[in-house]
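Our numbering numbers the first residue of the sequence shown as 477 and each following residue consecutively.
Here a beta-carbon is modelled for each residue, glycine too, at the ideal position from N, C-alpha and C.
Please read the structure below before turning to the comments.
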Amino acid sequence: MPVLSTKTAVPNNPDNEKKKRSFTEFAYRNRFIWLSFLVPFVLMVTAFALMSVSPFGDKQILVTDLWHQYYPFLADFQYKLQHGESFFWTWSVGGGVNYFSLMSYYLASPVNFLSVFIPADWLREFLMFSVALKIALGGAFTAYFLKSVYKRNDVSLIMFACCFSFCAYFMGYYWNTIWMDTVCITPLVALGTVKLLTENRFRLFTVSLALALIMNYYIGLFVCIFVLLIFIGYSIVYWSGVKNFFINLLKTGIFSMIAIGLTTFFLLPAFMALKNTHASGSTFPSTFAINIGGSNDLLGVLRALKSITGSFANFTCAANKAADALPNISCSAFALFFGFLSLTSPKIRLREKIVNVVMIVFMFLSCIIRQLDYIWHGFHFTNMIPYRFSFLISFIMIVMAFRAFTTIDSISVVGALIASAMSIAVVLLTVGDPGAEKMFTDHPDWEIPNLIAIGALVVFISVVVILYTKRVIPKNIMVLALLIVTIAQSGVTAYLGVNRTTVTTTYEYPRGGENTATVIESMNELEADTKEMWRAETATTQTLNDGALNHYHGLSMFNSMANENMTRFFENFGMMGWKSGNRYTYAEGSPVTNMFMNLKYIISRSGKVNNTYDLVPVRSSGDNLVTESGNVKLFQNTHYIPMGFMTNSALQNWQENDNEDQFNPFEKQNEFFKYATGLNEDVYTRLEVVSQGHTEADKFTVTKKEYGFYNYSCIDTAVTPHVKWNYEAPEEGLYMMYADIQNGDDVTVMQNDVAQSAKYGMARSYVACIGYFNKGDKISVYADLKAGVSGTARVYVNMLNKDVFEKGYAKLSESVMETEKCTSSSMQGKISVKEKGLFYTSIPYEKGWTATVDGEKVEITPVGNSLLAFPLEAGEHEIKLTYYPNGFWPGFAISMICAFLFAAACVLTYVLKKKIIPDPVYKSQIGGMDEYQK
């Protein structure tokens, strides 16, 4: 058959050639921007590789909140994407939570959406590369800002890109992946602001500001404040009259409002959810106080300014977790020297120098003075990780440094010597400074080498610049030398940043590995045809968000958007809760807890449970379902009641106590049980202490104040005491224990003076199931305390009254909803109600839930202001529960209006070429800058 020759001439397509040439020109024109991305990306990936981070080894970057929160939430987000689930609500954590609000703080990064294409087994590696990507983008966007504003397009962009990519903020907080997107896009917002003020170009400003807010509204707040500061700075430096000031204020305000309006579909629900969190209870400080410096006076402020200024010299040991650390502001010796050099440049206006210095000093004071700190952080104080806006200080310093570099030809030897002296002075400020020493607490051996290294770098840079100012060396040699030293420092900073932040091993994360995954997969297959919403939990937690990590419907949650009402309910109901810590957690508890929380399965990674009364092993079936693998075993609750059942109307009277020191959780469960069942019998019997075995009374005293409540103190402060209370089991049965012992978080339970193999972690106290005991057994609660301490203890041991519990279970099981359909944000079903009462669910309630009975909307009356419930008459009923985030529809409407306004402005300005904004009032600004570079 005929074959066409490969040499057959094919006519060129002029359009294709033009596109190819256009792309080639674009790529070449922006070659330094590409390199400003590539160099930081390679350096950061290399640092991870040197620390054996997978796929280069068996380590992972999961530490601190990235371990407990961000990665589990990312795993759950990927699962939702791949299974097409709703983003309004999730059952994975917290018994069910507003997923929109959770996304707004943790998951709105555009990069996260790419995880839909990644196998779940490669998610950790995806996360590592995404961190390197964001760090590199931060540098590239900085380079693009400098290129666009100052009309400079050369290799120097790479140096300044590295300064931002490897600033102390990125190196200290890269594990805080949820912040990084907005931080790295900040240069684009700054560029958009400049373009709006100087050229009336509003697209970049509007889109970048909207993205900054959507990707993380918290860091986005800092960016909004920064826009205001840029506007004020430009107005001062390029003042052109009151009229023009208000014109620029108006256009900046209008497009800021449009940008914010574009986000309201997402952020208005987040704002509504924030009102339910513990953070919303913060109050403005009434008296002058400072964070750093010791004394609340001028001397303290001066000491604080000295400490913070010295932080510019710390490029090896950025703060990453400590609440009392200094701000992360270091951005390389290169930026430090040239930042000071800008103050000596004769080609930079005095106004600009003053504005830059004032802006940095203002941000320093915002770190120091608690009132300013409170305002910056959204009118509340941070929980750990202070001064979260400090990346803006680094950015300003880098811009100052670039301004100096663009005027290098006008710099004198004297100016270079002054900049060198100021840089060395910063290094010397750290010597013996308490704040600086605190930064090196984990690595005290790094402090002196860091100071020597930064001093040597400053001297080297100073010499190179002085040699150029004397024209001893040509400019290209100077630039090459500075490029090499900056990239070298960036590489070292990247490695030390990962080393300082540390890595963890991939082994046993998630705990139990394949064994846990296999058992959970089998559990889900067992319930594949189940329509109702059932829950599972682990006997002990690993991440505080195990449901999200392991893909089951769980109760435990650690989430900054946690509903405070639910945290309070957990505390009252004898589960672990911590309002200021934004978390509530399940650990193996009582049958009462399991029944009312609709727990169907318990996954034990040790293969054991203490509650052998109604937790029974699930036997593997012949369908290749594995319910026991390695040490991991699946247990089923024999007193499980499906979601939605009838209780006595009196349950509406159950109230939560906000002070956990004022209630006994066993009594709160007794009260809840009696209200719900209508039985007038306690489900628990409390035990009295029959003897004690504390440290000798001549060294350590324990005084009983009331039942279960004690004061203790050390007479001999050198002694390391212990406490021990002994009880006698009145009959054979299942026993529970609650212990809140100051300075004694790890509690041991003994049976006839023989300690159980595992301790109970009571840092956040809960009603723990301690197992079966025989009649007459000695039950002991024991804890070692810290040396020389005094404090209080609340210790209760109770026995489950099985007969009462069984009667209550039978009564509550009489009228249960038969679920017909359950989605990520709704459920519906039928129920036959024998007598009027309260339809109870363990769904965490918040505004946004609606309930209909037989097609008619009914008022929800949450139990304890926490759990979704409503009155229901006797008879056959159709129930439907639906959730939309509170504020979503109004926010969506506002976003649509703003999208229309933005689109209309774009069409009028860029398509129809209509003038909708007065001419820029800062026409001469760019020209004024350029004239020094000609």
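Contact annotation: residue 1019 and residue 544 have beta-carbon atoms nearer than 7 Å.
In summary, residue 507 is exposed, with fewer than 16 beta-carbon neighbours lying within 10 Å of its beta-carbon over all protein chains present. The beta-carbon separation of residue 614 and residue 638, rounded to 10 Å, does not stay under the 8 Å limit for a contact. Beta-bridge analysis with DSSP links residue 1168 to 1201. In the displayed model, residue 1146 falls within a helix according to three-state DSSP. Across the structure, residue 1091 and residue 1035 are spaced so that their CA atoms are roughly 29 Å apart. In the structure shown, the three-state DSSP call for residue 1216 is strand. Under the three-pair Cβ rule at 8 Å, the stretch 1053–1061 counts as touching the stretch 742–757.
If one requires a minimum length of 3 residues, no beta strand (DSSP E) run lies completely within the stretch 756–836. Here the alpha carbon of residue 927 sits roughly 29 Å from the alpha carbon of residue 951. Of the residues assessed, residue 1011 falls on the buried side of the cut-off, its CB having 16 or more other CB atoms within 10 angstroms. Under the three-state reduction of DSSP, residue 1036 is assigned to coil, being neither helix nor strand.
Going by C-alpha positions, residue 1063 is about 44 Å away from residue 869.
Three or more pairs of CB atoms, one per stretch, sit closer than 8 Å, so the stretch 927–937 contacts the stretch 954–974. About 5 Å separates the CB atoms of residue 1021 and residue 569; that is less than 8 Å, so the two are in contact. If only uninterrupted alpha helix (DSSP H) runs of at least 4 residues are considered, those enclosed by the stretch 985–1070 are 989–1002, 1022–1026 and 1040–1048.
By the Cβ neighbour-count rule, residue 727 is buried, with 16 or more other Cβ atoms within 10 Å of its own. In this structure residue 1347 is in contact with residue 1314, their Cβ atoms being roughly 6 Å apart against a cut-off of 8 Å. Here DSSP, grouped into helix, strand and coil, assigns residue 1209 to strand.
Residue state for residue 1350 is assigned as coil, using DSSP reduced to three classes. Apart from sequence neighbours up to five positions away, the residues of its chain that approach residue 1236 with a beta-carbon distance below 6 Å are 1223 and 1244, ordered along the chain. In the structure shown, residue 1162 adopts extended strand secondary structure according to DSSP, grouped into three states. In the assembly as shown, residue 1129 is an exposed residue. Its beta-carbon has fewer than 16 other beta-carbons within 10 Å. Distance from residue 1117 to residue 1292 at the Cβ level is roughly 6 Å; contact confirmed, criterion being Cβ atoms closer than 8 Å. In the displayed model, residue 507 falls within a helix according to three-state DSSP. In the assembly as shown, residue 760 is an exposed residue. Its beta-carbon has fewer than 16 other beta-carbons within 10 Å. For residue 1187, the enclosing beta strand (DSSP E) covers residues 1185–1190.
If you draw a straight line from the Cα of residue 1212 to the Cα of residue 920, it comes to about 46 Å. Residue 1308 is positioned such that its CB atom lies closer than 7 Å to that of residue 1352.
The count of Cβ pairs closer than 8 Å, one atom from the stretch 1379–1391 and one from the stretch 1328–1342, stays below three, leaving the stretches out of contact.
Judged by DSSP in its simplified three-state form, residue 1344 adopts strand.
Here residue 1311 carries a coil assignment [DSSP, helix/strand/coil]. The beta-carbon distance between residue 985 and residue 536, rounded to whole angstroms, is 7 Å. This is short enough to meet the 8 Å contact definition.
As DSSP reads the structure, residue 726 sits in no beta bridge. Contact between the stretch 777–785 and the stretch 624–642 is absent: fewer than 3 CB-CB pairs across the two stretches fall below 8 Å.
For residue 923, the enclosing alpha helix (DSSP H) stretches over residues 923–945.
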